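Note sheet for the following structure.
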DNA sequence: CAGACTTTGGAAAACGCTTTCCGGGAGGTT
DNA sequence: AACCTCCCGGAAAGCGTTTTCCAAAGTCTG
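Chains as they are written, first to last, in this note's numbering: chain A, 1 to 330; chain B, 1 to 330.
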C-alpha cells in the first residue's frame, strides 16, 4: 500500500508538499518540486486513501441515494438524472434500495450519516404512516444537524428540499382529457393506500371527475407494480376507461385485459402515469402523464448541494399525453 | 459532531471499551459497562464515523459497482441482484455508470481503489480494443495488489473472477430453434463491432446457421440500444426472421416494422436476447434467450467476496424462449 | 539597502477510530 | 496458601491524510 509518505520520501519533499501537490490545495508549490512529486506518485502508483482524506478534511465526496426499487424504470430514470449531476461535480454515489420498506429507508439514512456523505437524496413516495414519517424526520434532522444536506423527490413532508411531482394536478388533467374523449364511467387501478403518491393520483382523478359532474369511479387497490395492475384489472367491468396510477400497473392491466379477451382501446381505454421511457413502444401505445424523471433527480441533487437555510419545494407538473390506448367515444 | 470519545466520557469508560461495545469486536465487555455505553450512545445520538473506522481497520464496508447504463433494464437487473447480496452482507454499494465509455470504466476503478472499496464489480460487455482492455487490466491489477477483489459480468478477459453469459451458445441455440420453425433467411440486427457481447451473439448465430447449411444472414449494425434496433430494422428486407442481439434492440425493431406496416410475426419473425423482465408484456410477446440477470449479478459479487487465489470463470447458459414474435413457417 | 511583504517548504498537531499490550482481580488447581 | 489461568478494562500507538504555524528566502518599495 503506497502512502503519501512514500511518495514524499521518494520525491525528497515533505508530507505537506506532497499533499499540496496531489490533492488540490489552495497553496502554491514550486514547479520543480511539483514535478518531482507528480513523478514519484506516478512511479509508485499512488492512490489517495479517501478514508484518510475524509477524516482529515471532515467532508466526503460521496452522496447517498435511497430509492425504492432500482429495477423499476421510474427509479432508474430518476437515479440516472441524479447520477449525471453527481458525476459532473466529481461526486461518487452510494445507493440503497428499500423495496418500499420505510424501516429500511430510515436505516439507510443512518448508515449514510455514518458514512458522512455530503448529501442524501430520498427518492420515492412518502407513506401515510405518521409514525414512520416522524422517525425518518428525526433521523434526517440528526443528520442535518451534523452538516448533512438532504433532498427528496416525492411529497414535501420531511422539511427538506423537495422536488414534488404534482400528482393531483396531473391526474386531474388526465381525467379531464379522458372525459373530453367522451368517457363517463371509470375505474381506477390504485396502489396501496399507505403510499401517498398513488393516493394523490386517485384523489386528483376522482375530484376532477366530481367537478365535471361525472359518476364516481370504481377504485380497485393493488400493489404499486405490474402484478398489482394485473390483479386489479381482473376485477374491472362495466367501465369504458381505466386509469392505472402508474405505467407499470397499466402494463399489468393491459396484460390482464388481453388474457380476458378484452380489447384495448376498442372495449376499454387504459391510461397510466409517469411515461416510462422503456415502455414507449408498447402496443397499443400508452396514454399517460409525462414526468421529467431524469430532470427531477438532477434537480433534487442540485437543491441538496446548493446551500440554503430554509427548505425549498419545487413542484413539477406532468403533461398529459394521449396515445393509442385511449380512444374517443361517440 | 458526537465522537466515540464523547460517548466514552459520558459513560465513564475508556475509549477502548466504548469502541468494543459499539462496533462489533471479538472482545467481551461486562454487562454493566456495556449497558452504560449503549445508553450514552443513544442519548448522544452517536453515529460511527465510518471514514475513521475504515482508516483504523484498513478495510471498508463498501463495494463498487460499475455498469454501462442504469436505465437499461439489463444492467438494472444485474445491479439489483448484486445489491441484494451486498445488503445481506451489510455492505454499502457505490455505483458508477460509464455510458459505455471504456475510459470512464478505468477511471471508476481508479476512484474506487482510492475509496478502498472491498470489491469492485465490472458489469457489461468487454470491448475489442486490446489497448483499452490492457489499460483496464493494469488498473485492476494495481487495485488487486493492494488487496482489492474484483469480479466481472461479461467476457473473461480481465484475469478476474467472471460470470460469463454464454452468448455464442445462446445465440446458436436460438438459431437452431428458429431454423426448426422453418426459417431459412435471416437478418441480424447487430450491435457495434467494438462490443464483444453483441459480436459473440452474431457469431454464435451465424455459425449455427452455417452448420445447418443455411444461407448466411444479412448483418446490420446499429447501436446497442432501442434506437440502434430501430435504425437497423429499417433496412431489413427479404428475410423471414430477424434476430436482434438484445431485447431493447428487438423492441426498436418491432417499432420500425410497425411503422413500415410490416406485421410481426405474420410478415417477419423477430427474436431478441436477455429476456428483460420489463418487456415481458410486449405485444407480440418477444421470443428471446433468457439470462438469469439478477442471479448473475449476485453470483459475481459472491465470487468477488469469496477469497481465492486463482480467478474463476463461471459460464451461464441462456434458455431459448419462443413466444409470439416468432412463428413457424409452413 | 533596510524594512515590509509575499512566497514557499516543512514540522507537527489534529481527524476519530481500532487494537495491541499491560495489569489487576477472580476463579480454579495442587 | 501459592501458583496459574482467564477475563476484562484501560493506556497508547497507530491508520493516512490535511492544515496550521513557523521559518527561510525572495521581492518590492522608498
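We treat Cβ as the ideally placed atom computed from N, Cα and C, and that holds for glycine. Here the structure is a predicted model, which means the values were calculated and not measured.
Non-local C-beta neighbours of residue 196 of chain B in its own chain, meaning closer than 7 angstroms and more than five positions away in sequence, comprise 125, 126, 127, 128, 155, ordered along the chain.
Judged by their CB atoms, residue 97 of chain B and residue 120 of chain B are not nearer to each other than the 8 angstroms cut-off. In the DSSP assignment, residue 252 of chain B falls within the unbroken alpha helix (DSSP H) covering 247-260.
Residue pairing by DSSP places residue 150 of chain A opposite A/120 in a beta bridge. The three-state reading of DSSP puts residue 162 of chain B in strand, counting E and B together. Under the 10 Å beta carbon count, residue 235 of chain A is surrounded by fewer than 16 other beta carbons and is classified as exposed.
Separation of the CB atoms of residue 190 of chain A and residue 220 of chain A is rounded to 6 angstroms, and the pair is thereby assigned contact status at 8 angstroms. Residue 274 of chain B is bridged by DSSP to B/290. Secondary structure note for residue 97 of chain B: its beta strand (DSSP E) is the uninterrupted segment 92-97. Spatial neighbours of residue 200 of chain B in its own chain (CB-CB distance under 8 angstroms, excluding positions within 5 residues in sequence) are listed in chain order as 155, 167, 168, 171. At a cut-off of 3 residues, the continuous stretches assigned as beta strand (DSSP E) that sit fully inside the segment 29-68 of chain B are 62-67. Under the Cβ distance rule, residue 73 of chain A counts among the residues neighbouring chain B, one pair being separated by less than 8 angstroms. Within chain A, 92 have C-beta atoms less than 8 angstroms from the C-beta of residue 111 of chain B, given in sequence order. Collapsing the DSSP output to three states places residue 221 of chain A in a strand.
Under the criterion of beta carbons closer than 8 angstroms, residue 123 of chain A and residue 297 of chain A qualify as touching, at roughly 7 angstroms. Cβ-Cβ distances below 7 angstroms link residue 194 of chain B to 127, 128, 129 in the same chain, with the five nearest sequence neighbours on each side left out; the list follows chain order. In its chain, beyond the 5 residues on either side, 222 have a beta carbon closer than 7 angstroms to the beta carbon of residue 231 of chain A. Interface annotation for the segment 149-169 of chain A against chain B: empty, criterion Cβ-Cβ distance under 7 angstroms.
The beta-carbon of residue 118 of chain A is placed no less than 8 angstroms from the nearest beta-carbon of chain B. For residue 88 of chain B, there is no enclosing beta strand (DSSP E); the enclosing alpha helix (DSSP H) covers residues 73-88.
Three or more beta-carbon pairs separated by less than 8 angstroms are not found between the segment 40-51 of chain B and the segment 243-262 of chain B, which leaves the two stretches without contact. The beta carbons of residue 271 of chain A and residue 178 of chain A sit closer together than 8 angstroms.
Taking C-alpha positions only, residue 181 of chain A is separated from residue 207 of chain A by approximately 18 angstroms.
Membership of residue 315 of chain B in the beta strand (DSSP E) is indicated by the continuous run 313-316. The bridge partners DSSP lists for residue 195 of chain B are B/127. Listed along chain B, the residues sitting closer than 8 angstroms to residue 49 of chain A by beta-carbon distance are 55, 114, 116. For residue 295 of chain A, none of the residues of chain B pass the 7 angstroms Cβ criterion, the least Cβ distance being about 13 angstroms. Contact annotation: residue 282 of chain B and residue 165 of chain B have beta-carbon atoms that are not nearer than 8 angstroms. The three-state reading of DSSP puts residue 25 of chain B in coil, since its state is none of H, G, I, E or B. Secondary structure of residue 189 of chain A (DSSP, three-state): strand. Cβ neighbours of residue 302 of chain B within its own chain (closer than 8 angstroms, five residues either side excluded): 85. Secondary structure note for residue 109 of chain A: its alpha helix (DSSP H) is the uninterrupted segment 102-114.
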